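2 protein chains.
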Amino acid sequence: MGAEGHADGTVGKALDVLDMVASHGRPVRFSDLLSQSAYPKATLYRLLQTLTHQGMLTLDPDTGTYALGVRLVRLAHAAWSQSSLAPIARPYLDELAAKTGETIHLAQMDLGQVLYVDKRNAAKPVEMFAQAGKVGPAYCTGVGKAMLAWLPPEALEAALARQSFHRFTPQTLASREELLKELEAIRQRGHAWDREEHEAGIICCAVPILSRGGRVMGALSVTSTTARTTLEELGAQAPMIKDIAAKIAAEAESWRFPEQV
Amino acid sequence: MGAEGHADGTVGKALDVLDMVASHGRPVRFSDLLSQSAYPKATLYRLLQTLTHQGMLTLDPDTGTYALGVRLVRLAHAAWSQSSLAPIARPYLDELAAKTGETIHLAQMDLGQVLYVDKRNAAKPVEMFAQAGKVGPAYCTGVGKAMLAWLPPEALEAALARQSFHRFTPQTLASREELLKELEAIRQRGHAWDREEHEAGIICCAVPILSRGGRVMGALSVTSTTARTTLEELGAQAPMIKDIAAKIAAEAESWRFPEQV
DNA sequence: AGACTAAGTTTCAAATAGTGAAACCAAACG
DNA sequence: CGTTTGGTTTCACTATTTGAAACTTAGTCT
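Protein chains in written order, with our numbering: chain A, 1 to 261; chain B, 262 to 522.
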């Protein structure tokens with residue numbers, strides 16, 4: 001809930017409110033927000049007013065409810081096409097999807113959580129917005145563990161502090177200690193497994209996408225079901241996945257220094 | 262450029278900076294932003310720091326460049342699925358695309374500009390993030406004019422003030438007066454034309470999506486080329502488009518009061 | 001009706017947080 | 001090496017934010 005740590009300054013508070021509105025699935029009334037937030041009435045009111053005035057929120061005059069504004073959609077368009085690995089990785093995901101015939105995930109780290117930025121479905125065509133932008137836990141997903149494993153100490157610490165360690169399945173690594181041991185194994189192995197840790201019957205093989213400097217940029221995974229395949233079979237594809245991750249990393253980096261001018 | 266009107270408060274400035282980063286297609290360095298922004302060095306610096314700390318921006322430690330952060334992608338996911346008409350309209354867009362075989366646009370108003378929130382391409386399947394989130398001018402597009410025509414006076418005024426009235430083609434209505442006359446005609450007619458006003462050879466028929474109270478929620482358009490069809494043929498479909506717009510509006514509204522509890 | 005209640009909006013003095021010129025530091029350059 | 005360029009920190013000044021409380025509407029109850 002409100003355990004949002006320290007919201008620095010007015011901007012932090014405003015963004016906090018934004019998150020609050022986002023977390024409800026539907027338009028919210030002022031009083032709903034008021035009862036949830038730690039901020040006093042007048043403060044919250046002005047915050048909402050500012051955000052609305054800025055187009056980050058929409059106030060429906062009929063119902064008096066707030067919803068996220070369209071300006072966010074515009075910003076996100078830019079965010080997706082510029083900040084994330086998605087646009088660069090797109091052709092590679094297609095390639096990987098074609099070769100494996102399995103579900104592909106491309107994820108990045110967002111405040112200790114896994115954020116899926118792109119995806120290919122085994123069968124159906126992609127439904128972008130509907131899928132990308134989703135978040136998931138880091139400690140019990142392939143992509144999550146792959147990224148955690150290569151995070152520098154302080155960042156890892158920060159991320160660990162945000163894990164819930166909820167036990168989704170009997171296989172879930174539901175403690176800090178177990179997870180740390182696993183991360184060590186992942187570093188050794190070079191890729192992460194998901195052994196039905198998040199969802200029964202779902203397994204995956206994930207590799208990190210690392211910059212030349214060793215910084216974690218994201219992770220890439222191939223997901224399947226125990227009904228269709230085994231960890232061993234998935235593991236056979238690990239070199240190929242790693243290879244594609246390396247290509248994505250290389251292209252992402254070279255994209256950074258196009259015209260140093 | 263900096264003609265951003267009045268950025269109220271710190272929050273406004275922060276969002277302003279966010280837009281600035283977004284407007285560059287690529288990661289930007291501090292000095293680039295500095296030269297562009299009206300804010301003094303230290304102010305801009307702290308703003309960037311705050312935004313980075315909040316996950317709205319990412320600072321690449323290797324290159325010292327800022328890019329939009331992943332938190333935006335997450336927020337946008339929520340924004341798209343909650344605030345916009347897109348999720349509701351989706352099946353209707355499919356229907357309209359199937360019936361007409363033409364390109365379909367669903368747009369909303371964003372600070373005087375047209376924001377495309379969903380789209381169906383004539384031939385290819387949709388590329389969501391790559392297309393949705395784009396913005397365009399209001400005064401010379403079908404959807405733009407359709408929305409302007411039903412805006413209440415003050416909102417119209419605010420929107421008009423933000424139009425550039427650049428003459429894209431000989432047909433572009435490049436003045437406030439011409440546009441106002443056209444808007445009147447649109448209200449009479451019930452739908453807006455785009456007579457190659459934005460791009461030569463591209464025509465479209467657009468209708469507003471209005472709430473029961475008459476509030477503009479968005480607009481819907483069918484686009485084609487002069488090579489393939491004529492305004493008259495497009496106009497023949499206007500009733501159907503209007504019908505679908507009405508359905509979207511109805512569903513969007515009923516969605517608002519699901520469980521009044 | 002008239003008195004209550006809930007929900008949203010506005011006020012205003014006090015306090016905090018934001019400002020920005022200038023100083024500082026550190027690489028990169030010549 | 002001295003200099004430039006690019007980024008970070010300081011600090012006194014001030015404008016913005018704060019939030020208790022007063023105020024307005026609507027909507028309810030008796």
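Here a beta-carbon is modelled for each residue, glycine too, at the ideal position from N, C-alpha and C. None of these values were measured; they are calculated from a predicted model.
TODO: Hey, could you find the ends of the alpha helix (DSSP H) Thr43(A) is sitting in?
DONE: By one-based count along the first sequence, residue 43(A) stands at place 43. Unbroken alpha helix (DSSP H) run through Thr43(A): 41-53.
Task: Residue-chain proximity (Ser164(A), chain B), Cβ-Cβ < 9 Å - done: Within the first sequence, residue 164(A) is the residue found at index 164, counting from 1. So, not an interface residue.
Open item on the list: Here's the rule I'm using: 16 or more other beta-carbon atoms within 10 Å means buried, otherwise exposed. How should Ala347(B) be labelled?
Closed with: By one-based count along the second sequence, residue 347(B) stands at place 86. It is buried - the Cβ of Ala347(B) has at least 16 other Cβ atoms within 10 Å.
- [ ] Below 6 Å CB to CB, which residues in the same chain sit around Leu357(B) once its five sequence neighbours on both sides are set aside?
- [x] The residue given as residue 357(B) occupies position 96 in the second sequence. So the qualifying residues of the chain are Ile365, Ile505.
Open item on the list: Less than 9 Å between the beta carbons of Arg332(B) and Leu111(A), yes or no?
Closed with: In the second sequence, counting from the first residue as 1, residue 332(B) sits at position 71. In the first sequence, counting from the first residue as 1, residue 111(A) sits at position 111. Yes, these two residues count as a Cβ contact at 9 Å.
Open item on the list: Between the region 199-215 of chain A and the region 244-253 of chain A, can you find at least three pairs of beta-carbon atoms closer than 8 Å?
Closed with: yes
Open item on the list: Quick check on the DSSP output: what are the complete alpha helix (DSSP H) runs of length 4 or more inside the region 437-484 of chain B, in order along the chain?
Closed with: 437-450
Task: Where the alpha helix (DSSP H) through Tyr353(B) begins and ends - done: The residue labelled residue 353(B) in the question sits at position 92 within the second sequence. Run containing Tyr353(B): 347-361, per the alpha helix (DSSP H) assignment.
Task: Arg381(B): contacting residues in chain A (beta-carbon distance under 8 Å) - done: Residue mapping note: residue 381(B) aligns to position 120 of the second sequence, counting from 1. Within 8 Å Cβ-Cβ: nothing; Arg381(B) doesn't reach chain A, min ~13 Å.
Open item on the list: On a Cα-Cα basis, can you pick out the residue from Thr326(B), Asn382(B), Ala416(B) that is closest to Met370(B)?
Closed with: Here residue 370(B) corresponds to residue number 109 of the second sequence, with the count starting at 1. It is Ala416(B) whose Cα lies nearest to the Cα of Met370(B).
Open item on the list: Since Glu196(A) and Thr169(A) should fall inside the 8 Å C-beta cutoff, what is the C-beta to C-beta distance between them, to a whole number of angstroms?
Closed with: Your numbering for residue 196(A) matches position 196 in the first sequence. Your numbering for residue 169(A) matches position 169 in the first sequence. Contact holds; Cβ gap of about 6 Å.
Open item on the list: Check whether chain B comes within 9 Å of Leu156(A), counting only Cβ atoms and requiring the distance to be less than that.
Closed with: One-based indexing of the first sequence puts residue 156(A) at position 156. The beta carbon of Leu156(A) sits no closer than 9 Å to any beta carbon of chain B.
Task: Min CB distance Pro469(B) to chain A below 9 Å - done: For the purposes of this step, residue 469(B) is taken as residue 208 along the second sequence, with counting starting at 1. Not an interface residue.
- [ ] Could you pull out every residue in the same chain whose Cβ sits closer than 7 Å to the Cβ of Leu312(B), ignoring the five residues on either side in sequence?
- [x] Within the second sequence, numbered from 1, the residue matching residue 312(B) stands at position 51. Exclusion of the five residues before and after Leu312(B) leaves Ala275, Val278, Leu279, Leu318 as the residues of its chain whose Cβ lies within less than 7 Å of its Cβ.
Task: Members of the region 96-116 of chain A near chain B, C-beta cut-off 8 Å - done: Gln108, Met109, Asp110, Leu111, Leu115
Open item on the list: So if DSSP puts Gln108(A) in a beta bridge, which residue, or which two residues, is it bridged to?
Closed with: As a first step, residue 108(A) is located in the first sequence; it is residue number 108 there, counting from the start. In DSSP, Gln108(A) forms a bridge with Leu115(A).
- [ ] Taking the CB atoms as reference points, tell me whether Leu151(A) and Ala161(A) lie closer together than 9 Å.
- [x] Numbered from 1 along the first sequence, position 151 holds the residue referred to as residue 151(A). Numbered from 1 along the first sequence, position 161 holds the residue referred to as residue 161(A). For Leu151(A) and Ala161(A), no; Cβs fall outside 9 Å.
- [ ] Identify, in the order they occur along the chain, each residue of the same chain with its Cβ nearer than 7 Å to the Cβ of Ala28(A), setting aside the five sequence neighbours on each side.
- [x] To locate residue 28(A), count along the first sequence from 1; it is residue 28. Note that residue 28(A) corresponds to Val in the displayed sequence, not to Ala. Here the set comprises Val21, Thr65, Tyr66.
- [ ] Please state whether DSSP places Arg428(B) in a helix, a strand or coil.
- [x] Residue mapping note: residue 428(B) aligns to position 167 of the second sequence, counting from 1. Residue state, collapsed to three classes: coil.
Open item on the list: Is the separation between the beta-carbon of Gln171(A) and that of Tyr139(A) shorter than 9 Å?
Closed with: Walking along the first sequence from the start, residue 171(A) turns up at place 171. Walking along the first sequence from the start, residue 139(A) turns up at place 139. No, the Cβ-Cβ distance between Gln171(A) and Tyr139(A) is not below 9 Å.
Task: Within chain B, the residues that Gly136(A) reaches when beta carbons sit closer than 9 Å - done: Position 136 of the first sequence holds residue 136(A). Ordered by position in chain B, no residue passes the 9 Å Cβ test against Gly136(A), which lies about 11 Å from the chain.
- [ ] Run the CB neighbour count on Glu438(B), radius 10 Å, all protein chains shown included, and call it buried at 16 or more, exposed below.
- [x] For the purposes of this step, residue 438(B) is identified with residue 177 of the second sequence, where counting begins at 1. Burial call: exposed.
Open item on the list: Please classify Ala299(B) as buried or exposed, where buried requires at least 16 other C-beta atoms within 10 Å of its C-beta.
Closed with: Translated into the one-based positions of the second sequence, residue 299(B) becomes position 38. Exposed.
TODO: Go to Asp16(A), then tell me how far its beta strand (DSSP E) extends in each direction, as first and last residue.
DONE: One-based indexing of the first sequence puts residue 16(A) at position 16. Note, Asp16(A): premise wrong, no beta strand (DSSP E); alpha helix (DSSP H) at 9-23.
Task: Members of the region 205-238 of chain A that neighbour chain B once the beta carbon cut-off is set at 8 Å - done: Ser211, Gly213, Arg215
Open item on the list: In whole angstroms, give me the CA-to-CA distance for Lys119(A) and Ile447(B).
Closed with: Here residue 119(A) refers to the residue found at position 119 when the first sequence is read from its first residue. Here residue 447(B) refers to the residue found at position 186 when the second sequence is read from its first residue. The alpha-carbon atoms of Lys119(A) and Ile447(B) are separated by roughly 42 Å.
Open item on the list: Classify Ala461(B): buried if its beta carbon has 16 or more other beta carbons within 10 angstroms, exposed otherwise.
Closed with: The residue you call residue 461(B) lines up with position 200 of the second sequence. By the neighbour-count rule (16 or more Cβ atoms within 10 Å), Ala461(B) is not buried but exposed.
Task: Extent of the continuous beta strand (DSSP E) to which Asp293(B) belongs - done: Against the second sequence, residue 293(B) aligns to sequence position 32. Per DSSP, Asp293(B) belongs to no beta strand (DSSP E); it is in the alpha helix (DSSP H), 291-297.
Task: Short Cβ contact (9 Å threshold) for Ala107(A) with Gly214(A) - done: Locating residue 107(A) in the first sequence gives position 107, counting from the first residue. Locating residue 214(A) in the first sequence gives position 214, counting from the first residue. Not a contact, by the Cβ cut-off of 9 Å.
Open item on the list: Going by beta-carbon coordinates alone, are Thr402(B) and Val378(B) separated by less than 9 Å?
Closed with: Counting from one through the second sequence, the residue named residue 402(B) turns up at place 141. Counting from one through the second sequence, the residue named residue 378(B) turns up at place 117. Cβ atoms of Thr402(B) and Val378(B): not closer than 9 Å.
Task: Min CB distance Val404(B) to chain A below 9 Å - done: For this step, residue 404(B) is matched to residue 143 along the second sequence. Residue-level contact by beta carbon fails for Val404(B) and chain A, as no gap is shorter than 9 Å.
TODO: Give every residue of the same chain whose Cβ lies closer than 6 Å to the Cβ of Glu512(B), excluding the five residues on either side of it in the sequence, and list them in chain order.
DONE: Translated into the one-based positions of the second sequence, residue 512(B) becomes position 251. Only Ile349 meet the Cβ criterion.
Open item on the list: Would Leu440(B) and Leu481(B) be called neighbours here (beta carbons separated by less than 9 Å)?
Closed with: For the purposes of this step, residue 440(B) is identified with residue 179 of the second sequence, where counting begins at 1. For the purposes of this step, residue 481(B) is identified with residue 220 of the second sequence, where counting begins at 1. Contact: no.
Task: Leu417(B): first and last residue of the uninterrupted alpha helix (DSSP H) it sits in - done: One-based indexing of the second sequence puts residue 417(B) at position 156. First-last of the alpha helix (DSSP H) with Leu417(B): 414-421.
Open item on the list: In this structure, how does DSSP classify Ala399(B) when only helix, strand and coil are distinguished?
Closed with: Here residue 399(B) refers to the residue found at position 138 of the second sequence. Coil.
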